[in-house]
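A.B. asks: In the UniProt record's numbering, the protein residues as written are 61 to 516.
Using N, Cα and C, we set each Cβ at its ideal position, and we do this for glycine too.
Remember, predicted model here, so these are calculated numbers, not experimental data.
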Ligand code: PMP
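Now the structure itself:
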């Protein structure tokens, strides 16, 4: 029988043998030592139970150790783990056909990778080869990976190193009508509204024009007419600001996405998580030329994919692309079972039902508590932005964020946090959570905030 190391031993090893970064990211002041998971639940080494509302950052899609996925993994483990891509194996072809069937035409060609960063690296290369151009535009605040190439797309100083990276990568403002310069507090300011002859709140039509203007400004700083691609998360995983634009003005969102560029990517918002669609991009009413997938693709098993058109694939075929582990049969069997499970368990519908309920109830908490500035998201991809007060919208200080975060954990609820100022709580649970789980999470969250306010 397997026995976990003691907590002390793990901390010792962490200090001595794990990367210093691992040491930094215990996430909690008093770390969570996990032993086991089942569906939306996790158990600590001392038997404490947690409701998991973070899902390994949207990675556990259908539930920890989901029985159907586990059975598929075991079946394939007993048959064959690995060959290289030079042989022809059924699980890989079954998966490629199944995944391609989930995409609209002409997105029908699949490349399998081992991670999201790798998928985005590949997408960059493809975009550049296909267009013959080099420059790429991303949105400020985005996260596209930590590999040397994808780090150039990522636009968040927390992840940056003092080395030359991101040649040809430019960033433009992410439309943010809560914290950004347009559409948010400024548009709610009556003097500004009068000056602009504008009365639309919370999303402001003129704000969209302003963000598009910014995009055009950025184009003026890159090589003229030589953009290889535009990389964007349909809902930013870290701060999810794009959601605002989408909710308030869908058509401009479409304009923002496709008027000028031809490429768009995602990692977290797929597999039905947004509730309304299988893929996050669909809500923006665009069909990108390249879509990258990872995170929930194999319920936590390392895997990624690039989905593209035959034309882009043709341009990419100029060289020989090879990947030892990408598309291994175990990953494919697991990822196949994930797609089956999403269909059989009604996962997308569950995201719509429970996600909408959660968003509605969180919005009530926002109205009740001065320090909840904004609640946004779609389905089970939700952000709760914390502020000092609604008037100033200044980010809630880290110490206060951490206390609420820690208290939720101590009451048995795991959530995430992020954002450029670390001001946003992130909710992206395994997609099997129920309304009762949502009620539990809401009462824990509400209690943590209430007692925080009382202590102040
Ligand atoms: N893009 C997005 C939107 C992500 O959330 C992540 C992972 N946090 C990545 C890319 C990189 O994926 P990976 O960690 O698998 O390399």
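For residue 472 and residue 111, I'd like the C-alpha separation in whole angstroms.
C.D. replies: Their backbone Cα atoms lie some 6 Å apart in a straight line.
A.B. asks: Ignoring anything shorter than 4 residues or poking outside the segment 108 to 161, list the alpha helix (DSSP H) runs there in chain order.
C.D. replies: Fully enclosed alpha helix (DSSP H) runs of 4 or longer: 115 to 118, 127 to 139, 150 to 161.
A.B. asks: So for residue 467, helix, strand or coil by DSSP?
C.D. replies: It is helical.
A.B. asks: Do you know offhand how far residue 114's Cα is from residue 494's?
C.D. replies: Computed Cα separation, rounded: 14 Å.
A.B. asks: Could you tell me which of 340, 417, 195, 404 sits nearest to residue 496, measuring between CA atoms?
C.D. replies: The shortest C-alpha separation from residue 496 is found at 417.
A.B. asks: What do you reckon, are the CB atoms on residue 282 and residue 195 nearer than 9 Å?
C.D. replies: In contact: residue 282 and residue 195 (Cβ atoms closer than 9 Å).
A.B. asks: Residues in its own chain within less than 8 Å of residue 133 by CB, not counting five upstream and five downstream?
C.D. replies: Hits under 8 Å: 361, 390, 393, 394, 397.
A.B. asks: What is the DSSP secondary structure of residue 192, counted as helix, strand or coil?
C.D. replies: Of the three classes helix, strand and coil, the one that applies to residue 192 here is coil, per DSSP.
A.B. asks: Is it right to say residue 219 is buried, meaning 16 or more other beta carbons lie within 10 angstroms of its own, or is it exposed?
C.D. replies: Exposed, since its Cβ has fewer than 16 Cβ neighbours within 10 Å.
A.B. asks: Taking the alpha-carbon of residue 193 as reference, which of 215, 148, 287 has the nearest alpha-carbon?
C.D. replies: Ranking 215, 148, 287 by Cα distance to residue 193 puts 287 first.
A.B. asks: Any heavy atom of the ligand PMP within a distance shorter than 8 Å of the CB on residue 193?
C.D. replies: Every heavy atom of the ligand PMP is 8 Å or more from the Cβ of residue 193, so no.
A.B. asks: In the DSSP assignment, what residue or residues form a beta bridge with residue 169?
C.D. replies: Answer by DSSP bridge pairing, in chain order: 368.
A.B. asks: Measuring straight from C-alpha to C-alpha, what distance separates residue 315 and residue 168?
C.D. replies: Legend: pLDDT at residue 315 = 47, less than 50; position of this residue unreliable, no value from coordinates given.
A.B. asks: Is the CB-CB distance between residue 428 and residue 121 below 9 Å?
C.D. replies: Against a cut-off of 9 Å, the Cβ pair of residue 121 and residue 428 comes out as no contact.
A.B. asks: Sort out for me which residues DSSP pairs residue 230 with in a bridge.
C.D. replies: Looking at the DSSP assignment, residue 230 forms a beta bridge with 197.
A.B. asks: Below 8 Å on the Cβ atoms is my contact criterion, and I expect residue 123 with residue 490 to pass it. Report the Cβ-Cβ distance as a whole number of Å.
C.D. replies: So it is a contact: roughly 5 Å between Cβ atoms.
A.B. asks: So, residue 145 versus residue 328, is the Cβ gap smaller than 9 Å?
C.D. replies: It is not a contact, given that the beta carbons lie outside the stated cut-off.
A.B. asks: Under the assumption that residue 364 contacts residue 232 (Cβ atoms under 8 Å), give the Cβ distance between them as a whole number of angstroms.
C.D. replies: Residue 364 to residue 232, Cβ: 25 Å. No contact.
A.B. asks: Rounded to the nearest angstrom, how far is the Cβ of residue 229 from that of residue 213, given a contact under 8 Å?
C.D. replies: Going by Cβ atoms, the distance from residue 229 to residue 213 rounds to 6 Å, so yes, they are a contact pair.
A.B. asks: By the 10 Å Cβ neighbour count, where 16 or more other Cβ atoms means buried, how is residue 165 classified, buried or exposed?
C.D. replies: Exposed, because fewer than 16 other Cβ atoms sit within 10 Å of the Cβ of residue 165.
A.B. asks: Do you know how far the Cα of residue 421 is from the Cα of residue 499?
C.D. replies: Taking the straight line from one Cα to the other gives about 9 Å.
A.B. asks: Give the DSSP-derived three-state secondary structure of residue 398 in the structure shown.
C.D. replies: In this structure, residue 398 counts as helix in the three-state DSSP scheme.
A.B. asks: Since residue 129 and residue 359 should fall inside the 8 Å C-beta cutoff, what is the C-beta to C-beta distance between them, to a whole number of angstroms?
C.D. replies: About 5 Å; that satisfies the 8 Å criterion.
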